[in-house]
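A.B. asks: Before I ask anything, let me first share the structure, which is written out below as structure tokens.
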Amino acid sequence: RKEVEQDPGPFNVPEGATVAFNCTYSNSASQSFFWYRQDCRKEPKLLMSVYSSGNEDGRFTAQLNRASQYISLLIRDSKLSDSATYLCVVNRVNDYKLSFGAGTTVTVRA
Amino acid sequence: EAGVVQSPRYKIIEKKQPVAFWCNPISGHNTLYWYRQNLGQGPELLIRYENEEAVDDSQLPKDRFSAERLKGVDSTLKIQPAELGDSAVYLCASNQGLARTGELFFGEGSRLTVL
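Taken in sequence, the protein lines are chains A and B. Heads up: the first sequence at position 101 corresponds to 86 in our numbering, and the numbers run straight through without jumps. So the mapping is simple: our numbering equals the position in the second sequence, first residue as 1, plus 42.
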């Protein structure tokens, strides 16, 4: 079983729509969680960290469910520029190895 | 401030040939990572350096891959000989250690095609 699993999508949504997707992780010792964004043929970039209480950054909301071992990302009022692959990333306490999911592709259409 | 710089951006070689990738991390970043990303997959760690010391190379295929980070700044990743399955994007990343922010700063990557 992979350490981090994501629905690959693609999620095709119209502009202005809300889209949400999850990521599950297998290691209960995982302590830190992140969402990275990767545009086509570009490098991954940190979108946001995920905190235990959930957090928002503008139109983006991240949630963590430790009991069920998943994190989620919700994008409100989707823009064309949100089209990208979203990578779920986890790491364990005192472990510098980040484990990346395979990514969820989102395509926002006009 | 300059980001992580990698070269070459693209490389096409025939199998069994050697290839080398170079990375210059962000100034002041003591931790450097080499990742490999296959098509449709997330990046997978090959090796992590703390300054000039390789502290995690458990995922590096040591029969054909080697890496070095002399003087704790620039790093080189080498493959010799290359195999068809090595075709991927090789990403270099750096940060000041995950204890800070958990944010990795990636270079644009070196896209390798082995024919």
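Using N, Cα and C, we set each Cβ at its ideal position, and we do this for glycine too.
Run through DSSP, which three-state label would Lys104/B get?
C.D. replies: Lys104/B falls in the coil class under three-state DSSP.
A.B. asks: Tell me the residue span of the beta strand (DSSP E) that contains Asn72/B.
C.D. replies: From DSSP, Asn72/B is part of no beta strand (DSSP E); its letter is neither H nor E.
A.B. asks: Hey, would you say Leu83/A sits closer than 8 Å to Val74/A, going by beta carbons?
C.D. replies: Their beta carbons are under 8 Å apart, which means Leu83/A touches Val74/A by this criterion.
A.B. asks: Counting along the chain, where does the beta strand (DSSP E) carrying Tyr21/A start and finish?
C.D. replies: That run of the beta strand (DSSP E) goes 15 to 23.
A.B. asks: Looking only at its own chain, which residues have a Cβ that is under 6 Å from the Cβ of Phe85/A, when we skip the five neighbours before and after it?
C.D. replies: Around Phe85/A: Leu72, Val74.
A.B. asks: Can you give me the start and stop residues for the beta strand (DSSP E) that Lys30/A sits inside?
C.D. replies: Its beta strand (DSSP E) spans residues 30 to 35.
A.B. asks: What does the alpha-carbon distance come out to for the pair Lys113/B and Asn93/B?
C.D. replies: C-alpha separation (whole angstroms): 8 Å.
A.B. asks: Taking the continuous beta strand (DSSP E) assigned at Val47/B, which residues delimit it?
C.D. replies: Note, Val47/B: beta strand (DSSP E), 47 to 49.
A.B. asks: What residues from chain A crowd round Gln83/B, counting only those whose CB sits closer than 7 Å?
C.D. replies: The contacting residues are Ala87.
A.B. asks: Please return the same chain residues whose Cβ sits closer than 6 Å to the Cβ of Asp98/B, not counting the five positions on each side in sequence.
C.D. replies: So the qualifying residues of the chain are Arg90.
A.B. asks: Are Phe45/A and Ile56/A closer than 8 Å when you measure CB to CB?
C.D. replies: For Phe45/A and Ile56/A, no; Cβs fall outside 8 Å.
A.B. asks: Does any residue of chain A have a CB that is nearer than 8 Å to the CB of Leu74/B?
C.D. replies: Judged by the 8 Å Cβ criterion, Leu74/B is not in contact with chain A.
A.B. asks: Is Asn(-3)/A buried or exposed, if buried means 16 or more other CB atoms sit within 10 Å of its CB?
C.D. replies: Burial call: exposed.
A.B. asks: 8 Å is my cut-off, CB to CB: does Leu72/A come that close to chain B?
C.D. replies: Closer than 8 Å to some Cβ of chain B, the Cβ of Leu72/A qualifies, so yes.
A.B. asks: How long is the line joining the alpha carbons of Ala95/A and Glu95/B, rounded to whole angstroms?
C.D. replies: Their Cα atoms are separated by approximately 49 Å.
A.B. asks: Can you tell me the Cα-Cα spacing of Ser100/B and Asp42/A, whole angstroms?
C.D. replies: Distance between the alpha carbons of Ser100/B and Asp42/A is about 36 Å.
A.B. asks: Taking the alpha-carbon positions, what's the Arg8/A to Tyr81/A distance?
C.D. replies: One point to set straight first is that residue 8/A is Cys, not Arg, in the sequence displayed. Taking the straight line from one Cα to the other gives about 20 Å.
A.B. asks: What residue from Val131/B, Glu43/B, Gln122/B, Pro103/B has the CA that sits closest to Arg26/A's CA?
C.D. replies: Cα-wise, what sits closest to Arg26/A is Val131/B.
A.B. asks: If I follow the unbroken beta strand (DSSP E) through Val68/A, where does it start and stop?
C.D. replies: In the sequence under discussion, the amino acid at residue 68/A is Ser, which differs from the Val named in the question. That residue, Ser68/A, is in no beta strand (DSSP E); it is neither H nor E in DSSP.
A.B. asks: Which residues of chain B have a Cβ atom closer than 9 Å to the Cβ of Tyr36/A, listed in chain order?
C.D. replies: By Cβ distance, chain B contributes nothing, its closest Cβ being about 11 Å from Tyr36/A, past 9 Å.
A.B. asks: Give me, in chain order, the residues of the same chain whose beta-carbon lies closer than 6 Å to that of Leu88/B; leave out the 5 immediate sequence neighbours on both sides.
C.D. replies: So the list reads Trp76, Arg78, Gln101, Leu102, once near-sequence residues are dropped.
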